[in-house]
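Chains as they are written, first to last, in the working numbering: chain A, -3 to 335; chain B, -3 to 335. Backbone N, C-alpha and C fix where the C-beta goes; we use that ideal spot for every residue, glycine too.
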DNA sequence: CTTCAATGCTCAATCGGTTGAGCAACATTG
DNA sequence: CAATGTTGCTCAACCGATTGAGCATTGAAG
């Protein structure tokens, strides 16, 4: 095997291959990118060049290729966090599905910081991303506007925006169904329904307000009363949820609607610090395999990640702009039985 | 605000800005990339160009910039999965730390598929990545060899390789300490130590064999006997772990060393299906906030992700190759007390 | 009044692929 | 034997940013 590494520190280019093969750079280029039949290059030359490329350990320079083609096939994704099941699953499946469609996925994690989100969008635009999928951003419309001016399409995932098509969970329906389950279980376990609490999320976050609306709808349906002081929305962070729980004044028997596994981390820490509270039940909007095994958990709402991503890629791979502004995907309620 | 979008569908380039500003493209380029003082451009011109760039919504074409500079500042990372805490935390912190050092992180997820791993490496080389960090790969040396031929440095994370410097956890020490804790707890809870089982991982995986070695060392120390039939290594998958547990013949009292949270998903599913087994205790190598709350869990081993990444970036950002072939970072044992 | 340096720019080549246009050689048809 | 078509390539102009070389202009020193 001829290895170039030792001779020259530089990577071989199509010009090097052309020289070795006794062909022109354009022939080599078309052979390696598959357009050689259309350009009437003989199979013999193609085979020879491919063999030489392999021997030389050739790898195309995508920077040069994308620059000239003015097509990058890059789909960017902006994600707030990787370190929970929901966004981990989104990132992983997005990557797989993008690759399956011949696209280059590039994912950036922004820690829920609005400035980082915007910087990430700028960076993806500079990478010549053709579409950017925005997830869990604080200011999706600001990003959409900037990207639109740069000729880059954006799609919102898991959040609604005015300036781009949005694919999201049916947060209202999912929360209503989860609350119904919670009411049913606390009634079974405690004899009657104690006051229900809503914990987690941010007051101005769309998903949070929709889930609160679903929560309230289920309460109204069951003729249970709702009180604003039983709603704790300290933001997306386990420690903030824990702190909010510490502050609150709970009765002996409680039922808790937990908004996201992130808040759940705080809630279960609180339950763990107050072991005597065996008369607590909770349900969580979001799924996690270990949280599903906690004794006081009556059910979890799994967001349909493959379903949402399928709808998303329908939009990504379709040329036109004739898409509905907003697509809601139903959630999957997973009731849990313990003991 | 002058918006170009409506007038021309194309993104503005330095040539467009130069025309508007009445300057040359080279002046614009140097102003926007910060080299204008060295190139003796006046502050007045610089300000004017910067203002126009902002007005036009200019974003650099990184493809062109990287092509010309022949420096990409890209650090690639190959990761098997995002959807568990350990790799989620690695990906997230890697991104943050890379950005803090002025590098462009690009992360790819390969689903533990050897072919996808190699393709991902090829793709990162084509993106002109300058360094590639390989995590959880099946054939790290194959990737290192290919990258070395292309002049791209590789570093192994969480796995050892012969062909590249490797940063990994002290799997032996971590497993030994976790096993010691498990022995102590089962002895306290059951009066004496029942046979201990080892569940999870793959027989030819380095981390698995090191952890098994640590497990055996702690058994030997406590003068407990070891039996090969109490070692279940069905691979990294919850369902395979569950299936292996179903097959096994367990006594009434058991202690289980669980190798990774992925295997733990199967183990806890088994425990959940066999609720009468209250005389089971387990410890898990890897940390998860919800798994930490399961009653039978005596402790978890948290791998020191920031510690490992700090050592990793020491290598990334240093020019030479004078690094020790292998750096082991101690794990953090988190004992758990329930009830 | 020349000499020299400093200031503030511009020119043009370059990075590595891509692609429309075109050319030579040979075969086929009228 | 000329006209036309087919095969198998090559040429050269790009894509957009970068950068070494170089060129006016102004000011100060000798």
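Proximity of the stretch 64 to 84 of chain A to the stretch 120 to 131 of chain A meets the contact definition, three or more beta-carbon pairs being nearer than 8 Å.
With fewer than 16 other beta carbons inside 10 angstroms of its own, residue 333 of chain A counts as exposed.
Of the residues assessed, residue 255 of chain A falls on the buried side of the cut-off, its CB having 16 or more other CB atoms within 10 angstroms. Classified as exposed, residue 219 of chain B has fewer than 16 neighbouring CB atoms from the shown chains inside 10 Å of its CB. Neighbours of residue 290 of chain B in chain A, taken as residues at a C-beta separation under 8 Å, are given in chain order as 286, 289 and 290. Taking a cut-off of 8 Å on C-beta distances, the stretch 255 to 270 of chain A does not touch the stretch 230 to 239 of chain B, as fewer than three cross pairs fall below it. A residue is called buried once 16 or more other Cβ atoms fall within 10 Å of its Cβ, and residue 321 of chain B, having fewer, is exposed. Listed along chain B, the residues sitting closer than 8 Å to residue 142 of chain A by beta-carbon distance are 53. A contact is defined here as three or more CB-CB pairs under 8 Å, and the stretch 158 to 168 of chain B meets this definition with respect to the stretch 199 to 218 of chain B. With a threshold of 16 other beta carbon atoms within 10 Å, residue 29 of chain B falls short and is exposed. Under the 8 Å criterion on CB atoms, residue 58 of chain B is classed as interfacial with respect to chain A.
With the criterion set as a beta carbon lying under 9 Å from some beta carbon of chain A, the members of the stretch 255 to 287 of chain B are 257, 260, 261, 264, 265, 267, 268, 271, 284, 285, 286 and 287, in sequence order. Proximity to residue 137 of chain B across B:155, B:127 and B:147 peaks at B:155, based on C-alpha coordinates. Here residue 110 of chain A carries a helix assignment [DSSP, helix/strand/coil]. Collapsing the DSSP output to three states places residue 193 of chain B in a strand. Proximity of chain B to residue 124 of chain A at the Cβ level (cut-off 8 Å) is accounted for by 57, 58 and 59, in chain order. Contiguous alpha helix (DSSP H) elements confined to the stretch 236 to 304 of chain B occur at 257 to 269, taking only those with 4 or more residues. Only buried fits residue 162 of chain B, as 16 or more other CB atoms lie within 10 angstroms of its CB. If the five residues before and after residue 25 of chain A are omitted, its C-beta is found closer than 7 Å to the C-beta atoms of 10, all from its own chain and listed in chain order.
Taking 8 Å as the threshold, the shortest C-beta distance from residue 78 of chain B to chain A falls below it.
For residue 143 of chain A, the enclosing alpha helix (DSSP H) covers residues 136 to 145.
In the three-state reduction of the DSSP assignment, residue 98 of chain A falls in the coil class. Only those residues of the stretch 176 to 207 of chain B whose C-beta falls short of 7 Å from the nearest C-beta of chain A would be listed, and there are none. In the structure shown, the three-state DSSP call for residue 210 of chain B is helix. DSSP places residue 9 of chain A outside both helix and strand once states are collapsed to three, so it counts as coil. Boundaries of the alpha helix (DSSP H) harbouring residue 51 of chain A: 39 to 51, taken from the DSSP string. Here residue 332 of chain A is not bridged, per DSSP, to any residue. Contact annotation: residue 151 of chain A and residue 127 of chain A have beta-carbon atoms nearer than 8 Å. Looking at the backbone, the Cα of residue 78 of chain B and that of residue 44 of chain B are separated by about 45 Å. For residue 324 of chain A, the secondary structure class from DSSP, reduced to helix, strand or coil, is strand. Annotated as proximal: residue 250 of chain A and residue 190 of chain A, with beta-carbon spacing under 8 Å.
The Cβ atoms of residue 278 of chain A and residue 194 of chain A lie no closer than 8 Å to each other.
Chain order gives no chain A residues near residue 251 of chain B, where near means a beta carbon separation below 8 Å; the closest approach is about 19 Å.
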